[in-house]
Amino acid sequence: MAARIGIFAVVVAVFLSIPAFSSAQDLQIVNAERRIDLSSHIVKAFLTLKVENIGKNPAAEMLLAFSPTQIKNLAMVQALAITGKKKKKTYLPLDVKPTEQPDAPNDTGYYRVTFISPLGPGETVSLEVLYILTHSLEPFPVEITQSESQLVYYHDSAVILSPYHVKQQTTFVKTPSTRVESFTSIEPANRAGKEIKYGPYENRASYSYAPVIIHFENNSPFAVVEELVREIEISHWGSLQITEHYRLTHGGARHKDVFSRVDYQSKRSVSGASSFNALLAVLPPRVNSVYYRDDIGNISTSHLRTGFRKSELEFEPRYPLFGGWRATFIIGYRVPLEDYLFEASDGRRYLNFTFGCPLVETIVNKLTIKVVLPEGSKDPSAVLPFTVNQELQVKYSYLDIVGRTVVVLQKDNVVPTHNVPFQVYYTFKPIYMLAEPFMLVSAFFFVFVASLAYVHIDLNIARK
Amino acid sequence: MAALESPQPAATATAMRHAFGNVLSVLILVLIGVLAFSIRLFSVIKYESVIHEFDPYFNYRVTQFLSKNGIYEFWNWFDDRTWYPLGRVIGGTVYPGLTLTAGTIWWVLNSLNIPLSVETVCVFTAPVFSAFASWATYLLTKEVKGSGAGLAAAVLLAMVPSYISRSVAGSYDNEAVAIFALIFTFYLYIKTLNTGSLFYATLNALAYFYMVCSWGGYTFIINLIPMHVLLCIVTGRYSPRLYIAYAPLVVLGTLLAALVPVVGFNAVLTSEHFASFLVFIIIHVVALVYYIKGILTPKMFKVAVTLVVSIGMVVCFIVVAILVALVASSPTGGWSGRSLSLLDPTYASKYIPIIASVSEHQPPTWPSYFMDINVLAFLVPAGIIACFSPLSDSSSFVVLYIVMSVYFSGVMVRLMLVLAPAACIMSGIALSQAFDVFTGSIKYQLGGSSKSTDDAEDTSNAPKDDASAGKTDKGEEIVKERSSKKGKKKEREPADKPSVKSKAKKKALVLPLETSVVALLLLIMLGAFYVIHCVWAAAEAYSAPSIVLTSQSRDGLHVFDDFRESYAWLSHNTDVDDKVASWWDYGYQTTAMANRTVIVDNNTWNNTHIATVGTAMSSPEKAAWEIFNSLDVKYVLVVFGGLIGYPSDDINKFLWMVRIGGGVFPHIKEADYLTLNLNLVTY
Chain A
-14 MAARIGIFAV VVAVFLSIPA FSSAQDLQIV NAERRIDLSS HIVKAFLTLK
36 VENIGKNPAA EMLLAFSPTQ IKNLAMVQAL AITGKKKKKT YLPLDVKPTE
86 QPDAPNDTGY YRVTFISPLG PGETVSLEVL YILTHSLEPF PVEITQSESQ
136 LVYYHDSAVI LSPYHVKQQT TFVKTPSTRV ESFTSIEPAN RAGKEIKYGP
186 YENRASYSYA PVIIHFENNS PFAVVEELVR EIEISHWGSL QITEHYRLTH
236 GGARHKDVFS RVDYQSKRSV SGASSFNALL AVLPPRVNSV YYRDDIGNIS
286 TSHLRTGFRK SELEFEPRYP LFGGWRATFI IGYRVPLEDY LFEASDGRRY
336 LNFTFGCPLV ETIVNKLTIK VVLPEGSKDP SAVLPFTVNQ ELQVKYSYLD
386 IVGRTVVVLQ KDNVVPTHNV PFQVYYTFKP IYMLAEPFML VSAFFFVFVA
436 SLAYVHIDLN IARK
Chain B
-12 MAALESPQPA ATATAMRHAF GNVLSVLILV LIGVLAFSIR LFSVIKYESV
38 IHEFDPYFNY RVTQFLSKNG IYEFWNWFDD RTWYPLGRVI GGTVYPGLTL
88 TAGTIWWVLN SLNIPLSVET VCVFTAPVFS AFASWATYLL TKEVKGSGAG
138 LAAAVLLAMV PSYISRSVAG SYDNEAVAIF ALIFTFYLYI KTLNTGSLFY
188 ATLNALAYFY MVCSWGGYTF IINLIPMHVL LCIVTGRYSP RLYIAYAPLV
238 VLGTLLAALV PVVGFNAVLT SEHFASFLVF IIIHVVALVY YIKGILTPKM
288 FKVAVTLVVS IGMVVCFIVV AILVALVASS PTGGWSGRSL SLLDPTYASK
338 YIPIIASVSE HQPPTWPSYF MDINVLAFLV PAGIIACFSP LSDSSSFVVL
388 YIVMSVYFSG VMVRLMLVLA PAACIMSGIA LSQAFDVFTG SIKYQLGGSS
438 KSTDDAEDTS NAPKDDASAG KTDKGEEIVK ERSSKKGKKK EREPADKPSV
488 KSKAKKKALV LPLETSVVAL LLLIMLGAFY VIHCVWAAAE AYSAPSIVLT
538 SQSRDGLHVF DDFRESYAWL SHNTDVDDKV ASWWDYGYQT TAMANRTVIV
588 DNNTWNNTHI ATVGTAMSSP EKAAWEIFNS LDVKYVLVVF GGLIGYPSDD
638 INKFLWMVRI GGGVFPHIKE ADYLTLNLNL VTY
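In the order they appear, the protein sequences are chains A and B.
The opening position of the first sequence corresponds to residue -14 in this note's numbering, with each subsequent residue numbered one higher.
The opening position of the second sequence corresponds to residue -12 in this note's numbering, with each subsequent residue numbered one higher.
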């Protein structure tokens, strides 16, 4: 803790001491509003920026800066350009990419937002930026008993860290309940109900930083999937088999002392407030053959609701999860092929499926998606809206000879916002579908022919 | 005359009927296999595909180890996750047959790229081997009384509740493959006895080897076969075929058995095996006598007999003296505790509480006979009678088998399993004979009134054929039997005796038509009753996996999955090297499901260790803490069923903990844990 604060102090000192970058001075932020939502363990921050080009040259892009701790936990950054007036606002998604700046002070991380059209001198543009932070709520006390509720720290800066001069800015922090133990006050700052307001602050220089710590109650389920492996197996016989291996943990304050099942059952409202025992997975519509099990067998606590738009699987791990406890389980289901497999105009086939984790409000530390293509598929390629690690593997399944190509997509730090469609293209000749039935038929044929031959062969040396 | 005129067409017709009968038999056998497999799937359908109970979890864990590390690692496996801090040499103390079988199946499937998990293979091993056991029963009974009886016996075995109780899907225990091995060994013995073929004798030794690998019950084989050999010799039925059936089995079988680490030199050193060696000597003496008798004149032979008998007496005396000395040098007389409790049913309860505390080592009650073999109990006597007409080497064997297994099943409830195949074979024979007589009579009565003597001759041929080989109408009868099962007990017993006589008198005695029809219907009703009982037993009584409990109440089905909840918690939330103490019942499950080191488990090889845990469980907190601390225990697993009313919890077992603890540590006294003054309770 002390070390952490120490680092912040250094960061602040350095930020304040470094002169602003000349190149950044072409742009300034006229007005900024930031809303930080701390109600779950996934921190969502919405930035509304009004950016003005005060330089002489058109600016094609701008930078978003994040402190080193944030950049480490940053799951996603999205930016939208707002055009049009009040009622007829339209939002256009902008290209956002992580970038390196050679002279970044104190390992500041950057994302580069490219404008739709370069911003001419004197012009302004309104942007909406959403960024999502994971693992940014630090439990304090670190260990709690069953009857205590969970308190966490949130560290941030009262002013927006930016390489640009910010003329006016306000930050709103929303806490999950009215119970806020303490918060660093940087005038003007006040708290009303579930909201803490910092600002408005006027004319802050670039790289200004004002660390704040908010200590508040957060009993929302800190469901962290340490590792999720989703295997999507394509069968051209008509279905898509999805198998998901979860390694789940409770990422909140660690449980200490005993766990009393009796208290847990009878005094549910005051006992184990931060624990969770129910999870919700949003599965595709028309899902069938759903199972929920772990290494030692079926887990009987689950309900499935199927619908036209989505199916919901409500399930409980074998035991309620307290801070630091782990559980592993497997969810498997099948969906009809025609909903997800299409033929592209160039004759290739492509799978259109949802990336991410089906569990709601869950962080996935490491997500691996394995798309198992049918045997005989060629030229696989994956198309995703963000960067992931890709590799190819070979898997042998039922009666395979050459093996099935597996497209492995791997991404760290995945949040529900990553649940967007992705595509895997490949070429496949339908004749390969008949390979395995043909093999079986010929094997049986061979057996019968062999037995026929055996019956008619006389292997006796001497005639009887 | 008519018959003489057309011998050629008649021959083709018979050939066709034989061919048709064979195809039908094969079809029926396939259906029997499907039946045997599918009747055992109730547990998967009603619950889930999961390993059951206690010992199967250990076998499952061993199979996992085998499939992961290979056979050599398996033989050398020293398991340090159990019996902490002693450990256990798994490779040398386990019957490897089941594990190797399932491991091989898994390996073959995976090398064909059929990615079934080890668990799936383990779950379905028992049903698959039940189908094999049914087919083995068919072969055995066919050798004894023809294929009609074989099919009937196979059907009965496919669904006999006693066997189902040990071989439902998920019941991954030694008995699952051992019963198949047992029946198949007996089949090969009978086959060798009937053919005198060395080929079958060798196969027999291999089958015996597989049985030794699979189950400690192999001693039943190695005592039963010598007994039968002795019986044959005593009743003057010695033949070279008997010699070929027996001598290679003892030599090869003993050598092979000694290869199994868990048996090793026990194959020649313990009393369970001595009977076979004794009979081995006797059969050689007898063979020698027959040989000498053949080359000597009767007068010379008499002289030789006196000579040999006097020398033989001396040799026998010396051998017996050596044996007695050997046996006397071992404290239990060379018999293991379980074997001793077989000979003396009160032995265990007197000396070994740990054997006595296991419910499956108790003597069975009468209702359990009805539960486990049902109507077969009534058919068996009829089958025995049928076996005596005429008595052959093979039928005398099955008679001996049923007699011995009835005795053993009376001692220990788990040996009911050995009785079940014998009962099925006997009942199959009885039913087949009864059907023979009844259908024969009906045919004769109908044919006699409408057709010529030609038909009568045909029918009279039929039963004769049946006795020796497969028969078409036999097969047809069995179809009826299979779909409905057989007859009525009291009704058929009187009917059966006539059948025996009728056979002996070569069709002279034929039953009236009405009697036959009624008897047939009653037999079919009896069979239907058996089927209903078996399906009920398979579905309701024997399918619960016991790790997940269900209860039906007004507001629906309740599932109690608390065992796996605790094992899963241990598995995911404790350190991998933590030691978990629990009563020994949960040892196998804890190591297999939670992968944590346990102090004691269901392999109760160290009584002191179990007593230590029992003492800790029955001591006050401070003393218990000290005991557990000395064993590095970090977690104690106890089962309390008081809240939901689960009866077999640790409170229920508490007296056994006290007794077993007190057996080694005298400061634990059972009386201290009992309420002496009951009046105190009532006030």
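Think of the CB as a built atom: it goes at the ideal place given N, C-alpha and C, for glycine as much as any other residue.
*Going straight from the alpha carbon of serine 414 of chain B to that of glycine 434 of chain B, what length do you get?*
Translated into the one-based positions of the second sequence, residue 414 of chain B becomes position 427. Translated into the one-based positions of the second sequence, residue 434 of chain B becomes position 447. One C-alpha to the other measures close to 29 Å.
*Go ahead and label threonine 390 of chain A buried or exposed: buried means 16 or more other beta carbons lie within 10 angstroms of its beta carbon, across all protein chains shown.*
In the first sequence, counting from the first residue as 1, residue 390 of chain A sits at position 405. So threonine 390 of chain A ends up on the buried side.
*Could you tell me the distance, in whole angstroms, from the CA atom of tryptophan 70 of chain B to the CA atom of asparagine 590 of chain B?*
For the purposes of this step, residue 70 of chain B is identified with residue 83 of the second sequence, where counting begins at 1. For the purposes of this step, residue 590 of chain B is identified with residue 603 of the second sequence, where counting begins at 1. The alpha-carbon atoms of tryptophan 70 of chain B and asparagine 590 of chain B are separated by roughly 9 Å.
*Nearest chain A C-beta to asparagine 589 of chain B closer than 7 Å, yes or no?*
As a first step, residue 589 of chain B must be located in the second sequence, where it is residue number 602. By this cut-off, asparagine 589 of chain B is not an interface position.
*Just how far apart, CA to CA, sit aspartate 66 of chain B and isoleucine 77 of chain B?*
Numbered from its first residue, the second sequence carries residue 66 of chain B at position 79. Numbered from its first residue, the second sequence carries residue 77 of chain B at position 90. One C-alpha to the other measures close to 6 Å.
*According to the neighbour-count rule (16 or more other Cβ atoms, all chains shown, within 10 Å of its Cβ), is glutamine 55 of chain A buried or exposed?*
The count along the first sequence starts at 1 and reaches residue 55 of chain A at position 70. The residue is buried, with at least 16 neighbouring Cβ atoms inside 10 Å.
*valine 620 of chain B touches chain A at which residues, Cβ-Cβ below 8 Å?*
Here residue 620 of chain B refers to the residue found at position 633 when the second sequence is read from its first residue. Here the premise fails: no neighbours, minimum Cβ distance about 17 Å.
*In chain A, what lies closer than 7 Å to alanine 168 of chain B by C-beta?*
Within the second sequence, residue 168 of chain B is the residue found at index 181, counting from 1. Result: empty, since nearest Cβ-Cβ is about 26 Å, beyond 7 Å.
*Using DSSP with H/G/I as helix, E/B as strand and the rest coil, what is valine 345 of chain B?*
Working through the second sequence from its first residue, we reach residue 345 of chain B at position 358. Looking at valine 345 of chain B - three-state DSSP - the assignment turns out to be coil, as it is neither helix nor strand.
*In chain A, which residues lie less than 7 Å from asparagine 100 of chain B when you measure between Cβ atoms?*
As a first step, residue 100 of chain B is located in the second sequence; it is residue number 113 there, counting from the start. Under the 7 Å cutoff, chain A gives Tyr381, Ser382, Tyr383, Leu384 and Asp385.
*My guess is that phenylalanine 261 of chain B and leucine 217 of chain B are in contact by the Cβ rule of under 8 Å, so how many angstroms apart are they, rounded?*
In the second sequence, residue 261 of chain B corresponds to position 274, counting from 1. In the second sequence, residue 217 of chain B corresponds to position 230, counting from 1. About 13 Å separates the two Cβ atoms, so there is no contact after all.
_Between the segment 68 to 78 of chain A and the segment 25 to 43 of chain A, can you find at least three pairs of beta-carbon atoms closer than 8 Å?_
no
_Spatial distance of tryptophan 353 of chain B from isoleucine 519 of chain B (CA atoms)_ = Position 366 of the second sequence, counted from the first residue, corresponds to residue 353 of chain B. Position 532 of the second sequence, counted from the first residue, corresponds to residue 519 of chain B. Computed Cα separation, rounded: 20 Å.
*Could you spell out the range, first to last residue, of the beta strand (DSSP E) harbouring glutamine 450 of chain A?*
Since the first and last residues shown for chain A are -14 and 449, residue 450 of chain A lies out of range.
*Uninterrupted beta strand (DSSP E) stretches inside the segment 611 to 669 of chain B (no shorter than 3 residues)*: 620 to 624
_Inter-residue Cα distance where the pair is valine 197 of chain A and valine 62 of chain A_ = Taking the first residue of the first sequence as position 1, residue 197 of chain A is located at position 212. Taking the first residue of the first sequence as position 1, residue 62 of chain A is located at position 77. Using only the alpha carbons, I get a separation of about 22 Å.
_Under 9 Å by beta carbon: chain A residues contacting glutamate 35 of chain B_ = Within the second sequence, the letter at position 48 stands for residue 35 of chain B. Those are Arg278, Gly282, Asn283 and Ser285, listed as they occur along chain A.
*Would DSSP call serine 355 of chain B helix, strand or coil?*
In the second sequence, the residue the question calls residue 355 of chain B occupies position 368. Helix, per DSSP.
*For tyrosine 249 of chain A, return the contacting residues in chain B, with the cut-off set at a CB-CB distance below 9 Å.*
In the first sequence, the residue the question calls residue 249 of chain A occupies position 264. The contacting residues do not exist; tyrosine 249 of chain A stays about 13 Å from chain B at best.
*Residues of chain B with CB under 7 Å from arginine 311 of chain A, in chain order?*
Translated into positions along the first sequence, residue 311 of chain A becomes position 326. Residues of chain B passing the Cβ test: His559 and Asn560.
*Is alanine 50 of chain A closer than 7 Å to valine 146 of chain A when the C-beta atoms are compared?*
The residue labelled residue 146 of chain A in the question sits at position 161 within the first sequence. The residue labelled residue 50 of chain A in the question sits at position 65 within the first sequence. The question names valine, but residue 146 of chain A is leucine in the sequence shown. Taking 7 Å as the Cβ cut-off, leucine 146 of chain A and alanine 50 of chain A qualify as a contacting pair.
*Give me whichever residues DSSP pairs with glutamine 226 of chain A in a beta bridge.*
Against the first sequence, residue 226 of chain A aligns to sequence position 241. In the DSSP output, where bridge partners are listed per residue, glutamine 226 of chain A has A:Glu218 and A:Arg319.
*Are there 16 or more other CB atoms within 10 angstroms of the CB of valine 105 of chain B, so buried, or fewer, so exposed?*
Taking the first residue of the second sequence as position 1, residue 105 of chain B is located at position 118. Looking at its Cβ environment, which holds 16 or more other Cβ atoms inside 10 Å, valine 105 of chain B is buried.
*asked:* One question on the structure: do valine 270 of chain A and serine 287 of chain A come within less than 7 Å of each other, judged by their Cβ atoms?
replied: Numbered from 1 along the first sequence, position 285 holds the residue referred to as residue 270 of chain A. Numbered from 1 along the first sequence, position 302 holds the residue referred to as residue 287 of chain A. What sits at residue 270 of chain A in the sequence shown is proline, not valine. Contact: no.
_Stretch pair the segment 194 to 204 of chain B + the segment 146 to 155 of chain B: three plus CB contacts closer than 8 Å_ = no
*So does the segment 381 to 390 of chain B actually touch the segment 119 to 138 of chain B, counting three or more Cβ pairs closer than 8 Å?*
yes
*Should tryptophan 570 of chain B and lysine 640 of chain B be called a contact, given that it needs their Cβ atoms to be closer than 7 Å?*
Numbered from its first residue, the second sequence carries residue 570 of chain B at position 583. Numbered from its first residue, the second sequence carries residue 640 of chain B at position 653. For tryptophan 570 of chain B and lysine 640 of chain B, yes; Cβs fall inside 7 Å.
*What residue does the beta strand (DSSP E) around isoleucine 354 of chain A start on, and which one ends it?*
On the first sequence, position 369 is the one that residue 354 of chain A refers to. Unbroken beta strand (DSSP E) run through isoleucine 354 of chain A: 348 to 357.
_If distances are taken between C-alpha atoms only, which option among B:Phe116, B:Ser381 and B:Glu60 comes closest to serine 226 of chain B?_
Numbered from 1 along the second sequence, position 239 holds the residue referred to as residue 226 of chain B. Considering only alpha carbons, the answer is B:Ser381.
*Three-state secondary structure assigned by DSSP to aspartate 565 of chain B*: Against the second sequence, residue 565 of chain B aligns to sequence position 578. Three-state result, aspartate 565 of chain B: coil.
*Compare the C-beta of tryptophan 556 of chain B against all C-beta atoms of chain A and say whether one is closer than 7 Å.*
To locate residue 556 of chain B, count along the second sequence from 1; it is residue 569. True, the Cβ-Cβ gap to chain A drops below 7 Å.
*Start-to-end residues for the beta strand (DSSP E) that takes in threonine 155 of chain A*: For the purposes of this step, residue 155 of chain A is taken as residue 170 along the first sequence, with counting starting at 1. Taken as a continuous stretch (DSSP letters only), the beta strand (DSSP E) holding threonine 155 of chain A covers 150 to 159.
*asked:* At a CB distance below 7 Å, what residues from the segment 301 to 331 of chain A approach chain B? Give them in sequence order.
replied: Arg303, Tyr304, Trp310, Arg311, Ala312 and Thr313
_Just checking: is the beta-carbon of glutamate 527 of chain B within a distance shorter than 7 Å of some beta-carbon in chain A?_
Taking the second sequence and counting its residues from 1, one reaches residue 527 of chain B at position 540. Taking Cβ atoms only, chain A never reaches closer than 7 Å to glutamate 527 of chain B, which makes this a no.
*Where are the alpha helix (DSSP H) runs, 4 residues long or more, that stay fully inside the segment 356 to 414 of chain B, in chain order?*
363 to 374 and 380 to 398
*Buried or exposed for serine 191 of chain A, please, with buried defined as at least 16 other CB atoms from any protein chain shown within 10 angstroms of its CB.*
Counting from one through the first sequence, the residue named residue 191 of chain A turns up at place 206. Buried, by the Cβ-count rule.
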